[in-house]
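Single-structure report; data block below.
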Amino acid sequence: MENNLEGSGERKLQCSDVSKCFQLLESILDGANIPDSQEILKSKLAKCQPCFEHFHLEQAIKEVLKNKCTKHEVPSELVANIRQKIEEIK
Amino acid sequence: MSEVQRKKYTEQEKNRIFDEEFMPHIDSMYNFGYRLTFDEDDAKDLVQDTYLKAYRFINSFEQGTNAKAWLFRILKNSFINDYRKKSKQPAKVDYQEVETYYNSEDVDYKMTSDLRVDSLKDMLGDEISNALNSLAVDFRTVIILCDLEGFTYEEMAKILDIPIGTVRSRLHRARNLLKDKLRSYAQNMGYKTDEEE
Chain A
1 MENNLEGSGE RKLQCSDVSK CFQLLESILD GANIPDSQEI LKSKLAKCQP
51 CFEHFHLEQA IKEVLKNKCT KHEVPSELVA NIRQKIEEIK
Chain B
1 MSEVQRKKYT EQEKNRIFDE EFMPHIDSMY NFGYRLTFDE DDAKDLVQDT
51 YLKAYRFINS FEQGTNAKAW LFRILKNSFI NDYRKKSKQP AKVDYQEVET
101 YYNSEDVDYK MTSDLRVDSL KDMLGDEISN ALNSLAVDFR TVIILCDLEG
151 FTYEEMAKIL DIPIGTVRSR LHRARNLLKD KLRSYAQNMG YKTDEEE
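First to last, the protein sequences are chains A and B.
UniProt numbering puts the first sequence at residues 1 to 90.
UniProt numbering puts the second sequence at residues 1 to 197.
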C-alpha cells in the first residue's frame, strides 16, 4: 500500500505537523545523516500530499540550481599569480 | 585559523598539501568569490588572498581533512573582513542584522508556493542565476554552499561560524525567498501579454 507513490488518492490532504515534516524532508534532501531516512521519506511521500508536493518542489529547485546556474571559468592567469605570490613569501 | 598549530610541515609537505589538497578546489573557490562579489577582479583578489592565507597558516591545517571547507571558511572571512570594509557598495543585509530581526530557530514552515515543478524545468540558466543573485548575500551564501557546492549542515556551520539550527533556518528562509523570485519569473513567462498593458 505504501509503495504506491503515485496514488495521490490515498494521501491525506492536510499535514498534521508541517514544520516538523518539512524540516525533516529538507534535511533528508540535503543529505543529513538521519537513521532510516529513505524509509521515512518513502512513507511520508506515500501518505501525505503536502509533504509529497513540498519534497518534489524542493528537490526540483535543488536540481536546477546545481545544473543550470552559470559557472564562471577560472581566469587563466590566476593560478600562476597565486604561485608567484607564494614563491615571494616563502 | 585560530586553531593551535599541530606541527610544523616540511617545505616538501607544504608543497604537496598545497598542490594536492588546496589547488583542486580553485574552481569552486573562484565561483564562490564571483557569486559573492559579482566582479571578476574582486573574485580573483579574494581567491588569491585566500590561497596566500592558506599557505601562511598551513600548519594549522591537518592534512587529509576537509580542505575545501577550510578554504571556504577563509574566503568567507576575507570577504566579510576585508572586501566588505573596503567595498564602496554597502552590504544590503548584514549577518548580525539578520540574526537580530529573526529568532534563529523560529521558522515559519508552511505551504507557500504555487510554483510548479514543470515551470522550473522550463527556466533558463540565466533566470535561475539571476534569481539566486538577487538574494541578499547572507541568504545567497547558504544556497551556494548547500545546493551548488554540496556542503553538509555541519560543514556550513563551521564555514559560517553559526549553529546548525541557524544554518537550517537560514537555508529555509533563503529558499522561500528564492521561490518568490522564481514564481515571479514563472508568472512572467505565463502572462507575458498581460504585462504589456
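All C-beta atoms, glycine included, are put in the ideal place defined by N, C-alpha and C.
What you are looking at is a predicted structure, and each value in this text was computed from that prediction instead of being measured.
Min CB distance residue i to chain A below 7 Å
i	result
residue 1 of chain B	The pLDDT assigned to residue 1 of chain B is 49, lower than 50, so where the model puts this residue is not dependable, and the model offers no usable value.
residue 9 of chain B	no
residue 167 of chain B	no
residue 125 of chain B	yes
residue 17 of chain B	no
residue 12 of chain B	no
residue 164 of chain B	no
residue 104 of chain B	At residue 104 of chain B, the pLDDT of 49 sits below 50, so the modelled position is not reliable; the number obtained from the coordinates is stated separately. Answer no: the Cβ-Cβ gap between residue 104 of chain B and chain A never drops below 7 Å.
residue 128 of chain B	yes
Host alpha helix (DSSP H) of residue i (start-end)
i	result
residue 21 of chain B	First-last for residue 21 of chain B: undefined, no H or E at that position.
residue 16 of chain A	Neither: residue 16 of chain A is in no alpha helix (DSSP H) and is coded neither H nor E.
residue 89 of chain A	76-89
residue 170 of chain B	164-190
residue 125 of chain B	125-133
residue 41 of chain B	40-56
residue 154 of chain B	153-160
residue 33 of chain A	Note, residue 33 of chain A: premise wrong, no alpha helix (DSSP H); not H, not E.
Beta carbon of residue i nearer than 7 Å to that of residue j
i	j	result
residue 51 of chain B	residue 82 of chain A	yes
residue 153 of chain B	residue 167 of chain B	yes
residue 49 of chain A	residue 11 of chain A	yes
residue 146 of chain B	residue 30 of chain A	yes
residue 60 of chain B	residue 149 of chain B	no
residue 43 of chain B	residue 34 of chain B	yes
residue 71 of chain B	residue 25 of chain B	yes
residue 15 of chain A	residue 69 of chain A	no
residue 84 of chain B	residue 159 of chain B	no
residue 109 of chain B	residue 27 of chain A	no
residue 58 of chain B	residue 14 of chain B	yes
residue 67 of chain B	residue 21 of chain B	yes
Closer than 7 Å to chain B by CB, residue i
i	result
residue 78 of chain A	yes
residue 60 of chain A	yes
residue 44 of chain A	no
residue 25 of chain A	no
residue 48 of chain A	no
residue 57 of chain A	yes
residue 68 of chain A	yes
residue 65 of chain A	yes
Whole-number beta carbon distance between residue j and residue i, since they are thought to touch under 8 Å
i	j	result
residue 120 of chain B	residue 182 of chain B	7 Å
residue 151 of chain B	residue 69 of chain B	7 Å
residue 117 of chain B	residue 60 of chain A	4 Å
residue 174 of chain B	residue 135 of chain B	6 Å
residue 65 of chain A	residue 55 of chain A	Actually they do not touch by this definition, with Cβ atoms about 16 Å apart.
residue 144 of chain B	residue 32 of chain B	6 Å
For residue i: DSSP bridge partner residues
i	result
residue 48 of chain A	A:12
Interface residues of chain C facing residue i [CB-CB closer than 7 Å]
i	result
residue 19 of chain A	Checking the listed chains, one finds no chain C in this structure; the protein chains it contains are A and B.
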